[in-house]
Amino acid sequence: MRLIATAMVFCLLLMTSTSALAQNVNLTMYYPVAVGGPITKIIDDMIADFQKDNPGITVQAVYAGNYDDTRTKALAALNAGEPVQLSVLFSIDVFDLMDQDVIVPFDDLVATDEERQWMGSFYPALMENSTVDGKVYGIPFQRSTIVMYYNKDAFRDAGLDPESPPATWDEMVEAAKKLTKRDASGNVTQWGMHVPSSGYPYWMFQAFAMQNNQVLMSGDGTEVYFDHPAVVESLEFWRDLSHTHDVMPRGVIDWGTLRQKFLEGSTAMMWHTTGNLTPVRNEARFDFGVAMLPAKQRRGSPTGGGNFYVFKQASAEERKAALQFIRWMTSPERAADWSIATGYVGVRPDAYATPALSEYVEGFAAAAVARDQLEYATAEFSTYETARVKKFLDDAIQSVLTGQAQPTQALQGAQSAADRVLRAYK
Amino acid sequence: MYRVSNQVYGWLLFFPAAVMFFLFTHFPILATLKASFFSTPRGARPARFVGLENYRVMFDDPVFWKVLGNNFIFAAGTIPLSIGLALLMAVWVNGKLSGRSIVRTAYFTPTVLPMIAVANIWLFFYTPQIGLLDGLTGLLGFPSRNWLGEPSTVMSCLIVMTIWKEAGFFMIFYLAALQSISPELQDAGRIEGAGRWYFFRRVTWPLLMPTTVFILFNAVINAFKLVDHLFIMTKGGPNNASSLLLYYIYEVAFSFWDTAYASTLTMALLAVLAVLALSQFVYLERRTHYQ
Chain U
38 MRLIATAMVF CLLLMTSTSA LAQNVNLTMY YPVAVGGPIT KIIDDMIADF QKDNPGITVQ
98 AVYAGNYDDT RTKALAALNA GEPVQLSVLF SIDVFDLMDQ DVIVPFDDLV ATDEERQWMG
158 SFYPALMENS TVDGKVYGIP FQRSTIVMYY NKDAFRDAGL DPESPPATWD EMVEAAKKLT
218 KRDASGNVTQ WGMHVPSSGY PYWMFQAFAM QNNQVLMSGD GTEVYFDHPA VVESLEFWRD
278 LSHTHDVMPR GVIDWGTLRQ KFLEGSTAMM WHTTGNLTPV RNEARFDFGV AMLPAKQRRG
338 SPTGGGNFYV FKQASAEERK AALQFIRWMT SPERAADWSI ATGYVGVRPD AYATPALSEY
398 VEGFAAAAVA RDQLEYATAE FSTYETARVK KFLDDAIQSV LTGQAQPTQA LQGAQSAADR
458 VLRAYK
Chain S
29 MYRVSNQVYG WLLFFPAAVM FFLFTHFPIL ATLKASFFST PRGARPARFV GLENYRVMFD
89 DPVFWKVLGN NFIFAAGTIP LSIGLALLMA VWVNGKLSGR SIVRTAYFTP TVLPMIAVAN
149 IWLFFYTPQI GLLDGLTGLL GFPSRNWLGE PSTVMSCLIV MTIWKEAGFF MIFYLAALQS
209 ISPELQDAGR IEGAGRWYFF RRVTWPLLMP TTVFILFNAV INAFKLVDHL FIMTKGGPNN
269 ASSLLLYYIY EVAFSFWDTA YASTLTMALL AVLAVLALSQ FVYLERRTHY Q
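Residue numbers (the numbering used here), protein chains in the order written: chain U, 38 to 463; chain S, 29 to 319.
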């Protein structure tokens, strides 16, 4: 009798404890930071707000380095069986994450019409990297395009109109020539322009190729077009900026220190992610502008940045909570706040209709450039084994920019190497 | 009976350490060796036996040969110079100069800084136009150089930074060794009329030999395990010009998630280190006299 009573008490205890667990869902997510500014603080504040609105769900956000480091840590945690339910990872990791069989499509998570509608509320250009075989695997969060920052004071000094930034390749070269200043002994004191080529060279190169009206990969992630004549021509142009026109330093330009160089006035124009907009705005001691990237055949820029993914190992309850969290983080108001705090694109059109963002854009037109450019945007480079394939391209680009190889041979080499890797996925 | 139980006792004492040693050293090596004969498991596809396929791929991989070559250049550039500099600094701060504790601290500071912080500082030193280095060469009238962006200069830049970082650490060992040398030897040398250089060459240097061997072992290991700065400064670029073997292994293992090939590369790294360690043991230990 006593035994039964003890057992019953024990069962009761167990039930209350599990029901307590049911009410309190703990989520862990990893996220990267690839731009300047106090991003970790912004994320922590957002999560604190979310937890206030949604008692019962605790989110632990773990800053995990850049995009590559974050993917590494998330996959390592998954392999080790640690509880990670969702993460912000590189939008281009989608094929690899599918190949690893670790993510669930959002189509399987949404239940109501309202939720389905939410899935369709983002800019289509941003969804290109999320959608595979008609299913949505990632929800846009910290997304960007490449924009051209330019120093209006330097434009005035060089006799250029600061309100009409160059709109074509030719105009850009011409302006950059006027903006390149040399001292008496011929040493450059101010370069015309900088396009970074460390860290994410393939990303910048996608913009050049897109402007020359050629994409670099097929939508299903199994084919690349590195040796297409238009692509070769694009790399020739990038190299010529430093090797022929002399408006950009030779060799590889570092991604990490470029913003500082622009702020110090050692380059008059720079191509960089719009995610750097707010730090540039806070620190620039001169009048600066933001322009869309110039056109050759057409305008063009790849999108970039991170998406939310939900991992397969999350339980049904955790998946539900994760969806609730992601919906909250990508609501129009949040997307607007996030865009103002960082410079990243407001991921959905109605974010720009919110009072906060519409007011901000009105007073600071540069904030809308990345959004307007979405019209000309394409998916960021993404294939199966994307890290490996894009390294072939990165190495080819760097070998050309440093004068070690010719564009044609370098890109043909990258093409055949990529073909070898991708053969398995066709 | 007594002898047996004593033996058992000995083995029991040895057992915990042996288990740890096997678990954390030998087992990973064996697991890596095994993984190098299999393909990488991905999602629903399990690993399958591929024999020497991964090794064939490695021998055909131009990046592997490039990073291996880079690593030897890096080792040859950093090891002798950092040890030489360490010895010089140790002799310097061992002397009776005023304010030597400040000098000692200054030399030792690079060692205690985290590598990532160091890399960030040096990244800005090397940045063209706005960096410290360009500022200095600019004063002398040299044009701005893209130090980390050119294949011809990037490796030297990393070597200089590494020497700066390592020399202070090695100095500590030399300093300890110098201070343990009996001053009576100095007195005896003086009575015999030995010059300072002669005394150093014939007495101090031989007495420092065990320390030098120890430092050399460490320096070789460091040259093959130092990768942190690459993440910050160059990512192995431009075009693999500054990539080192361990960084490449990291890239293959965690960026490409090709664990099988990474295991193969790890075996290559182990082989290189084993050969270096053996040659050091065989050659140096014979020439070194311990007190």
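Beta carbons: idealized from backbone N, C-alpha and C, even for Gly.
Classify residue i: buried if its beta carbon has 16 or more other beta carbons within 10 angstroms, exposed otherwise.
i         : result
U:Ala-451 : buried
U:Phe-159 : buried
U:His-309 : buried
U:Phe-132 : buried
S:Val-310 : exposed
U:Lys-89  : exposed
S:Arg-315 : exposed
S:Trp-39  : exposed
Compare the Cα-Cα distances from residue i to each of the options and report the closest residue.
i         : options                                       : result
U:Ala-264 : U:Leu-314, U:Ile-84 and U:Gln-443             : First, the residue type needs correcting, since residue 264 of chain U is Asp and not Ala in the sequence shown. The shortest Cα separation from U:Asp-264 among U:Leu-314, U:Ile-84 and U:Gln-443 belongs to U:Gln-443.
U:Ala-461 : U:Tyr-100, U:Glu-422, U:Ala-407 and U:Lys-428 : U:Glu-422
U:Ala-372 : U:Leu-360, U:Ala-393, U:Glu-355 and U:Glu-354 : U:Ala-393
S:Leu-304 : S:Ala-216, S:Ser-208 and S:Ala-103            : S:Ala-103
U:Ala-405 : U:Gly-380, U:Gly-118 and U:Lys-428            : U:Gly-380
S:Leu-236 : S:Ala-114, S:Leu-164, S:Val-85 and S:Lys-94   : S:Ala-114
S:Pro-179 : U:Val-458, U:Ser-395, U:Leu-438 and U:Ala-454 : U:Leu-438
U:Asp-432 : U:Tyr-68, U:Leu-163, U:Ile-76 and U:Trp-240   : U:Trp-240
U:Lys-81  : U:Lys-427, U:Trp-375 and U:Phe-418            : Correcting the residue type first, residue 81 of chain U is Asp in the shown sequence and not Lys. Of U:Lys-427, U:Trp-375 and U:Phe-418, the residue nearest in Cα terms is U:Trp-375.
S:Phe-152 : U:Leu-216, U:Ala-213 and U:Glu-301            : U:Glu-301
U:Ala-147 : U:Arg-356, U:Ala-414 and U:Asp-387            : As written in the sequence, residue 147 of chain U is Val, which differs from the Ala given in the question. Nearest of U:Arg-356, U:Ala-414 and U:Asp-387 to U:Val-147, Cα basis: U:Arg-356.
S:Trp-93  : S:Leu-312, S:Ser-270, S:Tyr-135 and S:Cys-185 : S:Ser-270
U:Val-96  : U:Asp-387, U:Val-398, U:Phe-429 and U:Ile-363 : U:Ile-363
U:Ala-117 : U:Gln-350, U:Pro-386 and U:Asp-409            : U:Gln-350
U:Pro-233 : U:Pro-202, U:Arg-296 and U:Phe-325            : U:Arg-296
S:Cys-322 : S:Gln-308, S:Phe-259 and S:Trp-175            : Any answer about residue 322 of chain S is impossible in this case: the structure gives chain S only from 29 up to 319.
Is the CB of residue i under 8 Å away from at least one CB in chain S?
i         : result
U:Gln-435 : yes
U:Ala-424 : yes
U:Ser-352 : no
U:Asp-464 : Summary: the structure shown does not reach residue 464 of chain U, with chain U confined to residues 38 through 463, and so no result is reported for it.
U:Arg-460 : no
U:Gln-334 : no
U:Gly-380 : no
U:Gln-410 : no
U:Gly-236 : yes
U:Gln-452 : no
U:Gln-441 : yes
U:Thr-109 : yes
U:Asp-86  : no
U:Asp-432 : yes
Using a beta-carbon distance below 8 Å, is residue i in contact with chain U?
i         : result
S:Ser-270 : no
S:Trp-150 : no
S:Leu-41  : no
S:Lys-193 : no
S:Gln-207 : no
S:Phe-52  : no
S:Phe-282 : yes
S:Thr-262 : yes
S:Asn-99  : no
S:Thr-165 : no
S:Gln-157 : yes
S:Pro-56  : no
S:Pro-108 : no
S:Asn-267 : yes
Assuming residue i and residue j are in contact, meaning their beta carbons sit under 8 Å apart, how far apart are those beta carbons, in whole angstroms?
i         : j         : result
U:Ser-338 : U:Ile-183 : 5 Å
U:Gly-400 : S:Lys-263 : That pair is no contact at about 38 Å.
U:Ser-181 : U:Val-327 : The Cβ separation is near 12 Å, so there is no contact.
U:Tyr-346 : U:Ile-76  : Actually they do not touch by this definition, with Cβ atoms about 19 Å apart.
S:Ile-111 : S:Ile-243 : 6 Å
Residues in the stretch 284–316 of chain U with C-beta within 7 Å of chain S's C-beta atoms, listed in sequence order? If the cut-off is 7 Å between Cβ atoms, the stretch 284–316 of chain U has Pro-286, Arg-287, Gly-288, Val-289, Ile-290, Asp-291, Gly-293, Thr-294, Gln-297, Lys-298, Glu-301 and Ser-303 near chain S.
Proximal residues, the stretch 247–263 of chain U versus chain S, C-beta separation under 7 Å: The residues in question: there are none.
Which residues of the stretch 60–89 of chain S have a Cβ closer than 7 Å to any Cβ of chain U? Give them in chain order. Against chain U - using a Cβ distance shorter than 7 Å - the residues of the stretch 60–89 of chain S are Arg-70, Gly-71 and Ala-72.
Just by C-beta distance, which residues in the stretch 204–226 of chain U are closer than 7 Å to chain S? For the stretch 204–226 of chain U, the set of residues with a beta-carbon nearer than 7 Å to any beta-carbon of chain S comprises Ser-222, Asn-224 and Val-225, in chain order.
Using Cβ-Cβ distances below 9 Å, what residues of the stretch 92–105 of chain U are close to chain S? Of all residues in the stretch 92–105 of chain U, only Gly-102, Asn-103 and Asp-105 come within less than 9 Å of chain S when Cβ atoms are compared, listed by chain position.
Closer than 9 Å, Cβ to Cβ, to anything on chain U: give me those residues from the stretch 284–301 of chain S, in chain order. For the stretch 284–301 of chain S, which is checked against every Cβ of chain U, the residues closer than 9 Å are Phe-284, Trp-285 and Asp-286.
Going along the chain, which residues of the stretch 112–123 of chain U sit with their C-beta nearer than 9 Å to a C-beta in chain S? Those would be Leu-112 and Ala-113, in chain order.
Check distances from the C-beta atoms of the stretch 167–192 of chain S to those of chain U and list, in chain order, the residues that come in under 7 Å. Residues Gly-169, Pro-171, Ser-172, Asn-174, Leu-176, Gly-177, Glu-178 and Pro-179.
In the stretch 121–151 of chain U, which residues sit with their C-beta less than 9 Å from some C-beta in chain S, listed in chain order? With the criterion set as a beta carbon lying under 9 Å from some beta carbon of chain S, the members of the stretch 121–151 of chain U are Asp-133, Met-135, Asp-136, Gln-137, Asp-138 and Val-139, in sequence order.
Got a sec: which bits of the stretch 121–146 of chain S sit with their beta carbon under 7 Å from any beta carbon on chain U, in order along the chain? Those residues of the stretch 121–146 of chain S that come within reach of chain U (Cβ to Cβ, closer than 7 Å) do not exist; the list is empty.
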